[in-house]
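Per the numbering used here: the sequence shown = residues -13 to 68.
C-beta: ideal position from N, C-alpha, C; glycine also.
For clarity, every value in this text was computed on a predicted model and none was experimentally measured.
So the structure is just underneath, and the comments pick up after that.
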Amino acid sequence: MPSENNFPPLPKFIPLKPCFYQNFSDEIPVEHQVLVKRIYRLWMCECAWCGPGWEARGGTARGRQHSGRCSPSGTHCPPQPS
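Quick look at the structure:
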């Protein structure tokens, strides 16, 4: 019997709806529920912490690699040799 989608939990002011149904108490064994919730919260903190940095690096895992050319916006130009 399908239930109403409830995951990921979103604040009421966001106009999006949750994507799928998740019930920790039914789908995850009792002895692992605390661990799963801690890992989920850690992952969410990682996303919140690294997300802005990822965007600032231009969406790459290593950041911008200066190849002697300027970025498309012209803001990240390496110094030119004299």
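query: Just curious, the alpha helix (DSSP H) that Ser11 is in, first and last residue?; result: 10 to 13
query: Measure the alpha-carbon distance for Val20 versus Leu(-4) and round it to whole angstroms.; result: 21 Å
query: Rounded to a whole number of angstroms, what is the C-alpha to C-alpha distance between Ala34 and Leu28?; result: 10 Å
query: Hey, would you say Phe(-7) sits closer than 9 Å to Pro1, going by beta carbons?; result: no
query: Between the alpha carbons of Ser(-11) and Gln8, how many angstroms are there, rounded?; result: 9 Å
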